[in-house]
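Notes follow the structure.
So this is what it looks like as structure tokens:
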């Protein structure tokens, strides 16, 4: 198992022990999760060979990330900005549990000082039981 996956699972275990909760209500739509802001920009899915856990990016915009996976999955996300910086917003410092609809969302205030413009990346890792999935998606950050 890669060091990155071990780290993600460690963070998931700590967050689970602390009682991490879903980022959205069980009946919220993907748009409701992010307060109705931002267009649908990406639909990507990751399923490792022999693994039945699927993670789909519903929305990946500057300031918003929404994914869909198996309900109850524990997920962590990281943002790498064009400048190479990582978003350190509180929402990205804890694991999120996918709600009853399988949705989990992360938000942060924009613009981020020193973000730069160009291509940024979201890296998502989810785990459910003995299964895990990793996914990276790109987004564009406009000049500020």
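In my numbering, the protein residues as written are 675 to 818.
From the three backbone atoms N, C-alpha and C, an ideal C-beta is built for every residue, glycine too.
Computed from a prediction, not measured in an experiment: that's the story for all the values here.
Proximity to residue i [Cα-Cα], best of the options
{"i": "residue 771", "options": "791, 734, 802", "result": "802"}
{"i": "residue 760", "options": "815, 807, 730, 789", "result": "789"}
{"i": "residue 806", "options": "748, 777, 753, 767", "result": "748"}
{"i": "residue 730", "options": "818, 804, 775", "result": "775"}
{"i": "residue 746", "options": "784, 818, 727, 767", "result": "727"}
{"i": "residue 767", "options": "736, 757, 753, 758", "result": "753"}
Own chain, CB closer than 7 Å to residue i, minus 5 neighbours either side, in chain order
{"i": "residue 765", "result": "780, 781, 782"}
{"i": "residue 786", "result": "755, 761"}
{"i": "residue 818", "result": "785, 791"}
Beta-carbon contacts of residue i that lie in its chain and below 6 Å, excluding the five residues immediately before and after
{"i": "residue 810", "result": "795, 797"}
{"i": "residue 812", "result": "793, 795"}
DSSP bridge partner residues for residue i (one or two, in chain order)
{"i": "residue 750", "result": "799"}
{"i": "residue 731", "result": "741"}
{"i": "residue 777", "result": "742"}
{"i": "residue 813", "result": "794"}
{"i": "residue 770", "result": "749"}
Distance between residue j and residue i (C-alpha atoms, nearest Å)
{"i": "residue 816", "j": "residue 751", "result": "21 Å"}
{"i": "residue 777", "j": "residue 792", "result": "27 Å"}
{"i": "residue 717", "j": "residue 743", "result": "Low local confidence applies: a pLDDT of 41 at residue 717 is under 50, so the model's placement there is unreliable, with the coordinate-based value given in what follows. Whole-angstrom Cα-Cα distance: 12 Å."}
{"i": "residue 738", "j": "residue 814", "result": "12 Å"}
{"i": "residue 758", "j": "residue 736", "result": "15 Å"}
{"i": "residue 804", "j": "residue 763", "result": "29 Å"}
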